[in-house]
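Presented below is the structure to which this report refers.
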Amino acid sequence: MTRFLISLMLSIIASIAIPASAQGTRINLDLPDMAAKASETVDVTLDGAMLRLAGKFLSSTDADERAAKEMINGLKGIYVRSYEFEHEGEYDKAQAERIRTQLGPSWKKIVKVSSKTKEDVDIYVDTQGDAVTGLLIISAEPKEFTVVNIVGPVDIEKLAGLEGQFGIPHISRDLKEAHKDKQGKKEDHHE
Amino acid sequence: MNLDHELNRVLARTSAPDGFADRVVARLGDANAPRQRHWPAASTLRRLAAAVTLTLALGGLTAHQIVEHRRTEGERARRELMTALHIASAKMRVAQRAVAHD
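Chains A and B, in that order, give the protein sequences.
Using my numbering, you'd call the opening residue of the first sequence number 1 and step up by one each time.
Using my numbering, you'd call the opening residue of the second sequence number 1001 and step up by one each time.
In structure tokens, the structure reads:
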């Protein structure tokens, strides 16, 4: 009887502990002050079940949707909050700190882009060993603030590769082509 | 003495009443005859059919509503997913562009 009770307690503890570690990368993105001031808000909350449901409705013939289907494979959630304001400086950029303070030691900043006039972008990844288990993007523009949290094994290259999908031109390819054009023009000048 | 007399009176042999054998044979004939089935009245059948039809119709309607709700939810989730990935990839593009310029 005692053994049974001990094994029951252990299984209860395990059932509580496993989901907690699996969902460790979910960040609370809610910023009610910002939402109240924003003229436009995008609020996307897709947990595992909704992602799987969305996956069933993605077309396998459409290239964008096929890429999205591959992207969400194995993900546990995608959460986006984007606030657009009428005027510059209408929101407090320090509010982003409320999100950063939630990041534990397993989170690492991989990119920081700072611009006085355009857009500040910080990208963080949550890692377990060598595996990426979560992604957080914080983007602050003069009239727009966006946070994206992807929970689960994110393929960052694949996500970055989506830029070529969705009708967005591929940046690395464009840069190469721009470089080629420059080279061509220089050669023309030399001739 | 009285007891003997009483017993003799009670146990005395008597003949069956007239027509007893005929009545027994007639009863046996009735028992062997096929029993008549009692079908419910036509009005009861109509009520039963209406109840079954109504149940089927309501069941079908509910099933259709569940499927339709699921489809609407799925379409909404698909649109939200595409929006989310669009935003995420666009932000990654900004970062990539900045890194590429460095």
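Cβ coordinates follow ideal geometry from the N, Cα and C atoms, glycine included.
Since the model is a prediction, treat every value here as computed from it, not as a measurement.
| Check | Outcome |
| --- | --- |
| Whole-Å CB distance - Ala1077(B) paired with Leu162(A), under 8 Å assumed | About 18 Å; that fails the 8 Å criterion. |
| Cut-off 7 Å between Cβ atoms - residues of its own chain near Ala35(A), not counting five sequence neighbours on either side | Thr41 and Tyr83 |
| Top-ranked residue by Cα proximity to Val125(A), from Ser115(A), Lys112(A) and Lys108(A) | Lys108(A) |
| Extent of the continuous beta strand (DSSP E) run through Ala140(A) | Ala131 to Glu141 |
| is_contact[Ala1098(B), chain A] using C-beta, thresh 8 Å | yes |
| Which residues DSSP lists as bridging Arg41(A), in chain order | Before going further, note that residue 41(A) is Thr rather than Arg in the sequence given. Tyr83(A), per the DSSP bridge assignment. |
| Boundaries of the beta strand (DSSP E) in which Asp1018(B) is found, first to last residue | Unbroken run through Asp1018(B): none, as it is neither H nor E. |
| Under the three-state DSSP convention, the category Ile99(A) falls into | helix |
| CB-CB length for Ala1088(B) against Ile137(A), believed under 8 Å | 6 Å |
| Val111(A) to Thr1072(B) span [Cα, whole Å] | 38 Å |
| Selection of the region 34–49 of chain A by Cβ proximity to chain B, strictly under 7 Å | Val42, Val44 and Leu46 |
| Within chain B, partners of Ile123(A) - CB distance below 7 Å | Ala1095 |
| Assigned exposure category for Ser139(A) - 16 Cβ within 10 Å defines buried | buried |
| Residue environment, Gln128(A), which counts as buried when at least 16 other CB atoms sit within 10 Å | exposed |
| Chain A contact for Ile1087(B) (CB, 8 Å cutoff) | yes |
| Per-residue DSSP class, three states only, for Val1094(B) | helix |
| The region 60–76 of chain A touching the region 93–102 of chain A, judged by at least three CB pairs closer than 8 Å | no |
| Cross-strand partners of Leu46(A) (DSSP beta bridge) | Ile78(A) |
| Straight-line Cα distance separating Tyr79(A) from Val132(A) | 17 Å |
| Distance, Pro105(A) Cα to Leu31(A) Cα | 23 Å |
| Proximity below 8 Å, CB of Lys56(A) to CB of Gly1074(B) | yes |
| Coarse secondary structure for Lys112(A), derived from DSSP in three states | strand |
| Rounded separation between Val121(A) and Asn73(A) - CA only | 26 Å |
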